[in-house]
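Q: Numbering (the numbering used here), first residue to last: 49 to 189.
We put the CB at the ideal spot given by N, CA and C, even for glycine.
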Amino acid sequence: MRSTMPPRTPAIDPPERRSPPNGVVASVGGVSLTSADLDRWSNRLARMLLRMGARPGGFVALAGLPELESTAVRHALDKIGARVSSGARTPAVGVTVWARRGGLSDAVTWLVLDEPATLRKYRSTSDTPLTAAELDAAGRR
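(1) Go through its chain and collect everything with a Cβ distance to serine 83's Cβ below 6 angstroms, but skip five positions before and after it.
(2) So, is serine 133 buried or exposed, given that buried needs 16 or more other C-beta atoms within 10 angstroms?
(3) Would a check of beta-carbon distances place arginine 103 closer than 7 angstroms to chain C?
(4) Going by the CB atoms, is the gap between valine 156 and glycine 142 shorter than 7 angstroms?
(5) What runs of the beta strand (DSSP E), each 3 residues or longer, lie entirely inside the region 76–138?
(6) Out of curiosity, what's the CA-to-CA distance linking serine 90 and lysine 127?
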């Protein structure tokens, strides 16, 4: 029997309450994410998504992401000006985890967060804030 309960979402503080970099902005199951950690994580994810074809004003699919990962990806999408796909159209790019990848469309280029190749790319991607030049270049592609 399927649960009709809505999925639990991480507790996220609004930006105006995120002043200290070491302040906790999300917490799930005893794991906490600070504002600084979220910024670094989402900067890397934003760059990876831009390289895969995500664009400002575009849509990105999310499928089966754990809560903290979903928080980081949504923050990355905010940084590049992209939105989560509502399913009305097939986006070019999506984010998922290995356990869900098998049942997803091949029409989407998937960033599989727990895939070894993704983890290697993630570690070599800059965690510095995105620049206007990076976003401008992505918008022209």
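A: Looking at the coordinates:
(1) Taken in chain order, the residues that qualify are Arg66, Pro69, Gly71, Val73.
(2) Flag for serine 133 reads buried.
(3) Of the protein chains in this structure there is only one, and it is not chain C.
(4) Cβ distance < 7 angstroms, so glycine 142 and valine 156 count as in contact.
(5) You should have 79–82, 107–111.
(6) Looking at the two C-alpha atoms, the distance is approximately 8 angstroms.
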